[in-house]
């Protein structure tokens, strides 16, 4: 078992790690993507398949990624180089670290732009702009924001500065202090929104939609829904992008990886379900469409908040919740790049954070301009924001996830992985994890990948 410590610092407690890793996993994917994806595939049936996918795919790969991070104790690139050397494997395994950091870099460039939308909507809601708005007005409000490059740039800049300031302060003073405040606040806001939905929305209808598994609603789309649930489970937990690996490198050697991952996956799933419990009752109470796709948050919900008592206050609280979720994820996406710059270029942490954030900020400008002034500039028929989203979600993250599973399950010696996981090499739990990480998880991720690129 690894006994060294990271040069970047260590989590002060198990709780700090759980909050940080949950913060990395909990993001716009839980509160924005999960409800509309569940809505597209009929609610409860999709949720049940999603929970099974979290257990069979997400948990074993997250255990593997944390294990690799803790054993390597460095940035993903340097950890994979050291682990490959330790296991007598090819040095090319360090490319897994590069794929993770590249994924985080590209994701954060457009994630910051979308997070900027949530910042803008906090003030729109608080300012009463949702009051009495209809579908046409809500769509016009969103389109006006997306069409304004100066406004998008301002919000994108604010969000990247917020993220860089936290990362620049280091593990204990920055990351840990941030998640100690942000994660409890996020859960409190979620509970407040659920209570509001129970009072002002069609709560019973929302719960039935979310938790009653009517597989007849899937019909001919069953296979498509299963693959979508696999993808959501994998991407919701922030796997394959270096964030979980770098957070694992700061974890105490005595902490149980399996127990911690169980708690993190449970909290991540709880957030997604609470988001559905907050959103669907409000949608049903206003006769809106739960399967309205990505526009559910930014175009459909403002209509609902505009027609409900206290809608301005609770609309603003909802978008503050989205900001917190995006912020905790963005911090974890920037951290691997900063750790590598500190280790390999000898930069101070504040300077490394500023440099990495500036690079992400510049690429983010291309993403936000692709929505307006550069809308006619496409690569493979896609603007920059859509291209980076598709490249990471459909190619880089599945590639990283499969590579993590292969290295942990096939390249690492059983003695090494059992030791780091704190499990007996011939014990039932270790053998269950090994089967899942060697066969089940890679096969499922490959299916998601083939489906995403249209080959399955």
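In this note's numbering, the protein residues as written are -13 to 442. Quick reminder that beta carbons are idealized off the backbone N, C-alpha and C, glycines included. Just so we're clear, the structure is a prediction, and the values are computed from it rather than from any experiment.
Which term fits residue 284, buried or exposed, when burial requires 16 or more other beta carbons within 10 angstroms of its beta carbon? Translated into positions along the chain shown, residue 284 becomes position 298. Under this definition residue 284 is a buried residue.
Residues in its own chain within less than 8 Å of residue 218 by CB, not counting five upstream and five downstream? What you label residue 218 is simply residue 232 of the chain shown in a count that begins at 1. Correct list, in chain order: 15, 19, 20, 23, 36 and 39.
Sort 281, 348 and 423 by Cα distance to residue 129 and report the nearest one. Position 143 of the chain shown, counting from 1, holds the residue named residue 129. Checking every option, the nearest Cα to that of residue 129 belongs to 281.
Can you tell me which of the three DSSP states residue 190 falls into? Counting from one through the chain shown, the residue named residue 190 turns up at place 204. Reduced to three states, the DSSP call for residue 190 is helix.
Is the closest heavy atom of the ligand MN to the C-beta of residue 139 under 6 Å? With respect to the ligand MN, the structure shown offers nothing to examine, as it has no ligands at all.
Distance CB(residue 31)-CB(residue 134) smaller than 7 Å: The residue labelled residue 31 in the question sits at position 45 within the chain shown. The residue labelled residue 134 in the question sits at position 148 within the chain shown. Taking 7 Å as the Cβ cut-off, residue 31 and residue 134 do not qualify as a contacting pair.
Measure from the alpha carbon of residue 231 to the alpha carbon of each residue in 83, 245 and 287, then state which is nearest. Here residue 231 is taken as the residue at index 245 of the chain shown, counted from 1. Closest option to residue 231, Cα to Cα, is 83.
What separation, rounded to the nearest whole angstrom, lies between the Cα atoms of residue 215 and residue 167? Within the chain shown, the letter at position 229 stands for residue 215. Within the chain shown, the letter at position 181 stands for residue 167. So the two alpha carbons sit approximately 31 Å from each other.
I want to know whether the region 297 to 316 touches the region 137 to 156 - three or more CB-CB distances under 8 Å. yes
Given a cut-off of 7 Å on the beta-carbon distance, is the pair residue 346 and residue 139 in contact? The count along the chain shown starts at 1 and reaches residue 346 at position 360. The count along the chain shown starts at 1 and reaches residue 139 at position 153. No, these two residues do not count as a Cβ contact at 7 Å.
When burial is assigned at 16 or more other CB atoms within 10 Å of the CB, is residue 222 buried or exposed? Working through the chain shown from its first residue, we reach residue 222 at position 236. Counting Cβ neighbours within 10 Å, residue 222 comes out buried, since at least 16 surround it.
Only counting runs of 4 or more residues, tell me where the alpha helix (DSSP H) segments fall wholly within the region 227 to 267, in order along the chain. 229 to 234
Whose C-beta lies closer than 7 Å to the C-beta of residue 183 among residues of the same chain, with five residues either side of it excluded? The residue you call residue 183 lines up with position 197 of the chain shown. Once the five neighbours on either side are set aside, the close Cβ partners of residue 183 are 189, 192, 263, 264, 267 and 268.
Look at the Cβ atom of residue 114, then the Cβ atom of residue 298, and state whether they are nearer than 7 Å. As a first step, residue 114 must be located in the chain shown, where it is residue number 128. As a first step, residue 298 must be located in the chain shown, where it is residue number 312. Going by C-beta atoms, residue 114 is nearer than 7 Å to residue 298.
Suppose you measure from the CA of residue -7 to the CA of residue 60; what does that come to, to the nearest Å? The count along the chain shown starts at 1 and reaches residue -7 at position 7. The count along the chain shown starts at 1 and reaches residue 60 at position 74. Going by the C-alpha atoms only, they are around 8 Å apart.
If the criterion is Cβ atoms closer than 7 Å, does the pair residue 17 and residue 259 meet it? Position 31 of the chain shown holds residue 17. Position 273 of the chain shown holds residue 259. Pairing residue 17 with residue 259 gives a Cβ-Cβ distance that is not under 7 Å.
Bridge-paired residues (DSSP) for residue 365: As a first step, residue 365 must be located in the chain shown, where it is residue number 379. According to DSSP, residue 365 bridges with 368.
Looking only at its chain, what residues have a beta carbon closer than 7 Å to the beta carbon of residue 399, apart from the 5 residues adjacent to it on each side? One-based indexing of the chain shown puts residue 399 at position 413. Correct list, in chain order: 73.
Cα-Cα, which of 261, 296 and 419 is closest to residue 174? Position 188 of the chain shown, counting from 1, holds the residue named residue 174. For the residues 261, 296 and 419, the minimum Cα distance to residue 174 belongs to 261.
Less than 7 Å between the beta carbons of residue 220 and residue 390, yes or no? Residue numbering aside, residue 220 sits at position 234 when the chain shown is read from its first letter. Residue numbering aside, residue 390 sits at position 404 when the chain shown is read from its first letter. Cβ atoms of residue 220 and residue 390: not closer than 7 Å.
How far does the alpha helix (DSSP H) with residue 124 in it reach, from first residue to last? Locating residue 124 in the chain shown gives position 138, counting from the first residue. First-last of the alpha helix (DSSP H) with residue 124: 121 to 132.
With H, G and I counted as helix, E and B as strand and the rest as coil, what does DSSP make of residue 195? By 1-based counting over the chain shown, the position of residue 195 is 209. Here residue 195 sits in helix by DSSP.
Please specify which runs of the alpha helix (DSSP H), each continuous and at least 4 residues long, are wholly inside the region -10 to 15, giving them in chain order. 0 to 11
Given residue 171 as reference, the closest of 28, 53 and 303 once Cα atoms are compared: Walking along the chain shown from the start, residue 171 turns up at place 185. Checking every option, the nearest Cα to that of residue 171 belongs to 303.
Just the C-alpha distance for residue 349 and residue 92, rounded to the nearest angstrom, thanks. Translated into the one-based positions of the chain shown, residue 349 becomes position 363. Translated into the one-based positions of the chain shown, residue 92 becomes position 106. Straight-line Cα distance between these residues: approximately 8 Å.
So, under 8 Å CB-CB, residue 354 and residue 142 are touching, yes? Tell me the CB distance rounded to an integer number of Å. Against the chain shown, residue 354 aligns to sequence position 368. Against the chain shown, residue 142 aligns to sequence position 156. Right, their Cβ atoms sit about 6 Å apart.
Would you say the region 404 to 419 touches the region 94 to 112, given that touching needs at least three Cβ pairs under 8 Å? no
Pull up the CB-CB distance for residue 8 and residue 253, whole angstroms please, since I reckon it's below 8 Å. Position 22 of the chain shown, counting from 1, holds the residue named residue 8. Position 267 of the chain shown, counting from 1, holds the residue named residue 253. Confirmed, Cβ separation roughly 5 Å.
Could you spell out where the alpha helix (DSSP H) holding residue 107 opens and where it closes? As a position in the chain shown, residue 107 is number 121, starting the count at 1. Unbroken alpha helix (DSSP H) run through residue 107: 80 to 112.
The alpha helix (DSSP H) spanning residue 301 covers which residue range? Numbered from its first residue, the chain shown carries residue 301 at position 315. 297 to 331 is the extent of the alpha helix (DSSP H) around residue 301.
Outcome for residue 52 when other beta-carbon atoms lying within 10 angstroms are tallied against a minimum of 16: To locate residue 52, count along the chain shown from 1; it is residue 66. Buried, since its Cβ has 16 or more Cβ neighbours within 10 Å.
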